[in-house]
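A short worksheet on the structure shown next.
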Amino acid sequence: MVLILSYDGYEQGTEGVIDWLLYHGHPFVRASANALLRPDSDWKINIHDGRIEFKGVNLNKEVGAIFYRRFEADAPYYDIGEPRVSRQLQRELQGEAERLTTFVSDSLADKFWLPTIAASNRAANKLSTLTLARTCGLAVPQSYICRSRSEVVNLLDENSNGWITKPINYCGYYSRENFAYTTFTSRLGHENVAELPERFHPSLLQECVTPVYEVRAFYLMGEFFSEATQTQGSTTSVNDTVFMDVKLKTAEAETRYLPYQLPIEVENKLTQLMQKLDLNTGSIDLIVNETGEYYFLEVNPGGQFSAPSERSNFHLEKRIAELLIKKDTSHGK
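For the sequence shown, numbering that gives the first Met the number 0 assigns the number 0 to the initial residue and increments by one for each residue that follows.
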């Protein structure tokens, strides 16, 4: 049986794989971490013998392969009238949830994971991955962590092309009334540095490498499925702020998506990186500048792949489902 660890609701990478498991008639069960915290949960956990059950399925015995999309529980927030105590309670409940999900993962560590959960957690730190990528011979943009306006000014004086800033970690969406807000990769230049405070939260700055096109490479067990994205112009102006984020141009008519073959030497370096990270899958982002040099940006172990799969006819959902079926060594026992 295949175990799918995902969200409670719709998740695009999950749904397509489930469709193919249904097509092949292969047994699977889908579970979420948040269900662990609900009083009416279908989870049963026996610490004494390590037995984990969900919806009556003994996961230790009946599962052979795990498709890991997300398995992070969000502890509920209890407002008890005192903000400081409420925040402390939230932190402690979140710690309880994290220990619980970790125990479940550890108890199923002998299964085939796609991607491997421990490696996914390590690769989620894009700063460490950038450093590791350099040891594999990949070009990476110059990167710094800045805390003051003066540091930014010094960097701008050293590099006239400017710098970009983006989240160190994942950034989600903030909902307010009928709008959703998020953070995009944006460019910093002398013209807008005056808007910065003297001191600010540690932030990631990278040299601005203007792309001729960008490449999203999906890596699966040693194979690459790559798609190039090319737009007319590399920036989009929103409220006088310059953004360097291709996500803002996905719906524009001049944006083109093409199946792409990475040079073999680049694939070899990326393979070396994925092996050092102990990752068997992930979405890799690169940019190619006007001289044809490939710059590694990041790898997302649980990155979305449905859009390039459809646009470039990679049929990644089918490939993943069939790999999980093949690795499900418990099937038929």
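Yeah, the Cβ is synthetic: ideal placement off N, Cα and C, and Gly gets one too. Computed from a prediction, not measured in an experiment: that's the story for all the values here.
Cβ neighbours of E176 in the same chain (closer than 6 angstroms, five flanking residues each side left out): There are no such residues.
So, are the CB atoms of F313 and S282 less than 8 angstroms apart? It is not a contact, given that the beta carbons lie outside the stated cut-off.
Mind checking which residues open and close the alpha helix (DSSP H) that includes R69? In the DSSP assignment, R69 falls outside any alpha helix (DSSP H) and carries neither an H nor an E.
Report the partner residues of I158 according to the DSSP bridge assignment. At residue 158 the sequence reads Asn, which differs from the Ile that was named. Answer by DSSP bridge pairing: none, since N158 is not bridged.
What is the rounded straight-line gap between the Cα of L261 and the Cα of G80? One C-alpha to the other measures close to 57 angstroms.
Going by CA-CA distance only, name the one from I51, D277, V84, Q93 that's closest to N33. Of the listed residues, the one whose Cα sits closest to N33 is Q93.
Can you tell me which of the three DSSP states R148 falls into? The answer is helix: DSSP assigns R148 an H, G or I state.
Rounded to whole angstroms, what is the Cα-Cα separation between N120 and N288? Taking the straight line from one Cα to the other gives about 30 angstroms.
Same chain, Cβ closer than 7 angstroms to K325, neighbours up to 5 away in sequence not counted: Around K325, the same chain offers no residue with a beta carbon nearer than 7 angstroms, after the five sequence neighbours per side are excluded.
Between Y259 and V214, which are expected to be in contact by the criterion C-beta below 8 angstroms, what is the C-beta distance as a whole number of angstroms? Correct: roughly 6 angstroms between the Cβ atoms.
Return the chain-ordered list of same chain residues with a C-beta closer than 7 angstroms to the C-beta of S5, the five sequence neighbours on each side being excluded. In chain order, T13, R29, S31, R68, R69 place their CB closer than 7 angstroms to the CB of S5, counting only its own chain and leaving out the 5 sequence neighbours on each side.
Got a sec, what are the start and stop residues for the alpha helix (DSSP H) S127 sits in? For S127, the enclosing alpha helix (DSSP H) stretches over residues 125–134.
Can you tell me which of the three DSSP states L278 falls into? The three-state reading of DSSP puts L278 in coil, since its state is none of H, G, I, E or B.
Taking 7 angstroms as the cut-off, is the beta-carbon of I17 closer than that to any non-hydrogen atom of the ligand NAP? The ligand NAP is absent from the structure shown, which contains no ligand whatsoever.
Proximity below 8 angstroms, CB of V192 to CB of L155: In this structure, L155 lies closer than 8 angstroms to V192 by Cβ.
Which parts of the region 69–107 are runs of the beta strand (DSSP E), unbroken and 3 residues or longer, counting only runs that do not cross its ends? Here no run is fully enclosed.
Proximity below 8 angstroms, CB of V62 to CB of K110: Inclusion of V62 and K110 in the CB contact set at 8 angstroms is warranted, their separation being smaller than that value.
Hey, is the region 215–222 in contact with the region 270–282, meaning 3+ C-beta pairs nearer than 8 angstroms? Touching, yes, given that three or more Cβ pairs across the two stretches are closer than 8 angstroms.
Through-space distance from E206 to N158, alpha-carbon basis: Rounded to whole angstroms, N158 to E206 spans 8 angstroms at the Cα level.
Could one say the Cβ of D18 lies closer than 8 angstroms to chain D's Cβ atoms, at least one of them? Chain labels in this structure do not include chain D; a single protein chain is all it has.
Can you pull the DSSP bridge partners for E316? Bridge partners of E316 according to DSSP: none are assigned.
Assuming contact is defined by CB atoms lying nearer than 8 angstroms, are I46 and V103 in contact in what I supplied? Between I46 and V103, the CB-CB gap reaches or exceeds 8 angstroms.
For H189, three-class secondary structure by DSSP: For H189, the three-state secondary structure derived from DSSP is coil.
Runs of alpha helix (DSSP H) wholly within the region 13–70 (minimum 4 residues, chain order): Runs of the alpha helix (DSSP H) inside the region 13–70: 58–61.
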